[in-house]
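Notes follow once the structure below has been shown.
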Ligand SMILES: Nc1ncnc2c1ncn2[C@@H]1O[C@H](COP(=O)(O)OP(=O)(O)OP(=O)(O)O)[C@@H](O)[C@H]1O
Ligand SMILES: [Mg+2]
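Below you can see the structure in the form of structure tokens.
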């Protein structure tokens with residue numbers, strides 16, 4: 001087996017791993033402002049992908065569907081915050097865990113009823129014939145995943161650092177009460193984080209679907225790995241999830257090739273268990289995930 | 001003008017304030033003193049909206065603010081420099097100050113320019129903060145963090161300022177510096193409610209004072225009147 005083919009597979013896997021990173025980043029966004037995460041995040045990815053597919057079927061251009069899908073994801077994020085998180089947080093309870101899981105189940109069965117159980121292809125104008133870049137073959141489709149993920153994460157991080165709204169976001173993350181004393185509404189900041197998290201989930205769905213197809217079951221596979229990435233990288237380092245996501249993606253591809261395709265899920269699980277045993281705050285993180 | 005009328009408040013089932021009333025007239029400094037656990041911090045939290053009064057009224061310039069979210073009350077002109085300073089440790093000094101003016105600055109671009117005059121004013125008051133404007137607030141000394149907390153509150157151009165134990169844990173010379181600043185703000189006409197352990201020093205700057213005991217105002221009066229109170233002298237003014 002030539003080394004170049006191993007490298008080839010590792011790179012394809014790493015690019016896919018960026019999708020896990022993006023979903024994990026969505027966990028980080030809401031954890032920062034509210035110490036809560038949406039356990040039904042995978043269902044947001046899937047429902048947003050189906051919604052975008054429906055718009056494509058209606059004949060809308062991909063470049064219109066992309067922003068529409070993101071807006072739809074943001075709206076779903078707001079629904080999750082309103083229905084699943086807000087009351088629990090006001091009562092300082094952990095009820096959001098159960099409520100977001102239930103909302104996810106609801107989205108899952110709604111998706112099955114509306115779009116059926118079959119996996120469906122997701123058309124895209126981005127070509128999937130490989131091109132030769134820097135010594136390896138990649139498809140523009142795979143590259144679009146990388147560009148989309150890194151561009152959006154970079155943009156959000158830039159806004160967080162450069163705008164007053166971003167600094168307010170950070171302030172509420174550090175100390176909710178002190179933020180309120182500055183005139184920053186903690187409630188609206190949490191809403192904003194859930195909207196962003198939903199939009200990011202939708203982007204993950206739109207980027208990955210042309211490669212994997214769209215189906216109700218895509219949610220659980222994606223979100224489990226995103227969860228592993230978030231646990232391993234920690235819940236406060238955007239840079240960390242990118243590195244860990246790519247690492248996991250590469251590892252997975254190699255495992256399924258060398259050990260057998262049934263072992264594809266194994267590296268994520270091993271990584272998750274190792275991380276929880278060795279360093280529960282994540283390799284890059286300060287905050288521990290409780291109750292995992 | 002800040003009015004607190006018969007306020008009851010607490011944390012969950014534990015009631016702390018049992019009918020607290022006080023008034024802070026425009027341009028005056030009012031001291032709130034009392035033993036540890038008397039409810040001074042709780043009074044401030046009930047005024048600024050960090051806890052919701054169960055009963056009673058809080059009025060800011062005649063407008064009832066009791067029950068509003070703290071962020072709304074802050075935008076109505078009440079700045080609260082809380083106990084323990086609570087600066088944003090992972091943000092730099094200047095970002096902390098800018099957030100003090102959050103309510104009246106543009107959210108995305110041009111906020112630095114819009115806040116330039118206020119920044120100058122705070123840096124004039126605390127030259128140390130100007131030197132450290134790019135430093136993370138979490139790495140400042142205790143005294144510098146207190147200056148930052150006061151400066152951040154000033155950035156809002158508040159109608160009323162609440163200062164909760166600004167001298168807590170500071171070396172005597174820094175305490176003097178903090179009180180110098182409070183006198184200067186008073187001279188500029190700032191309206192302030194001041195909670196202090198150093199009751200003596202607090203009474204020197206205050207126009208009026210309240211003494212709290214177990215969730216109620218036990219004694220009130222001008223500093224001259226309070227200094228004549230034997231019981232008080234024994235308990236707080238040593
Ligand atoms: N977050 C809280 N939860 C429950 N009880 C609290 C809380 N904060 C304060 N208390 C209680 O409320 C009472 C009043 O506390 P408060 O902090 O208002 O006192 P204080 O007058 O500011 O005291 P100090 O001089 O020590 O700052 C105390 O008995 C305290 O134990
Ligand atoms: Mg106190």
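Protein chains in written order, with our numbering: chain P, 1 to 292; chain Z, 1 to 238. The beta carbon of each residue, even a glycine, is placed where N, CA and C say it ideally should be.
- Here the region 139-150 of chain Z lies against the region 90-103 of chain Z, with 3 or more beta-carbon pairs under 8 Å apart.
- Counted as a single uninterrupted DSSP element, the alpha helix (DSSP H) harbouring residue 45(Z) occupies residues 40-48.
- Put simply, the region 92-100 of chain P does not touch the region 70-78 of chain P. Fewer than three CB pairs are less than 8 Å apart.
- Residue environment: residue 162(P) is assigned as exposed (fewer than 16 neighbouring CB atoms within 10 Å of its CB, all protein chains considered).
- Short note on residue 83(Z): C-beta closer than 8 Å to some heavy atom of ligand 2.
- DSSP, read as helix, strand or coil, puts residue 120(P) in strand.
- Taking a cut-off of 8 Å for Cβ pairs, the region 244-262 of chain P and the region 193-208 of chain P do not touch, as fewer than three such pairs fall below it.
- An exposed status is given to residue 12(Z), since fewer than 16 other beta-carbon atoms sit within 10 Å of its beta-carbon.
- If you look at residue 155(Z), you'll find it isn't in any beta strand (DSSP E); DSSP assigns it neither H nor E.
- Positions of the beta strand (DSSP E) runs, each at least 3 residues long and wholly inside the region 77-131 of chain Z, are given as 78-81 in order along the chain.
- Short note on residue 40(Z): C-beta closer than 8 Å to some heavy atom of ligand 2.
- Among the CB atoms of chain Z, one or more fall inside 9 Å of the CB of residue 168(P).
- In this structure, residue 220(Z) has its CB at a distance of at least 8 Å from all heavy atoms of ligand 1.
- Contact annotation: in the region 57-88 of chain Z, residues whose CB is within less than 7 Å of a CB in chain P are 69, 70, 71, 74, 75, 80, 82, 86 and 88.
- Against chain Z, the CB of residue 184(P) has a partner CB under 9 Å away; the residue lies at that interface.
- Residue contact check for residue 103(Z) against chain P: a CB pair falls below 9 Å.
- Relative to ligand 1, residue 38(P) has its C-beta separated by 8 Å or more from all heavy atoms.
- Around the beta carbon of residue 113(P), fewer than 16 other beta carbons sit within 10 angstroms, so the residue counts as exposed.
- Checking the 8 Å criterion, the Cβ of residue 165(Z) is within range of a heavy atom belonging to ligand 2.
- By the rule that beta-carbons nearer than 9 Å mark a contact, residue 178(P) touches chain Z.
- For residue 14(Z), the CB falls within less than 8 Å of some heavy atom of ligand 1.
- Per the Cβ contact rule, the region 137-155 of chain P is not in contact with the region 214-221 of chain P (fewer than 3 Cβ pairs under 8 Å).
- Residue 196(P) is outside the set of residues whose beta carbon lies under 9 Å from a beta carbon in chain Z.
- If you draw a 10 Å sphere on the C-beta of residue 117(Z), you find fewer than 16 other C-beta atoms in it, and that means exposed.
- Contact note: residue 181(P) reaches chain Z through 48, 70, 74, 80 and 82, using a C-beta cutoff of 7 Å and chain order.
- When 7 Å is used as the limit between beta carbons, residue 90(Z) is near these residues of chain P: 170 and 174, in chain order.
- Rounded to the nearest whole angstrom, the CA to CA distance from residue 177(P) to residue 93(Z) is 18 Å.
- Restricting attention to beta strand (DSSP E) runs no shorter than 3 residues, the region 180-235 of chain P encloses none.
- DSSP places residue 209(Z) outside any alpha helix (DSSP H); the residue lies instead in the beta strand (DSSP E), whose first and last residues are 208-213.
- Taken atom to atom, the span from the alpha-carbon of residue 67(Z) to that of residue 22(P) is near 39 Å.
- Here the C-alpha atom of residue 31(Z) lies approximately 12 Å from the C-alpha atom of residue 219(Z).
- Rounded to whole angstroms, the gap between the alpha carbons of residue 55(Z) and residue 20(Z) is 10 Å.
- In the pairwise beta carbon analysis, the region 77-85 of chain P is classified as not touching the region 14-21 of chain P: fewer than three pairs are separated by under 8 Å.
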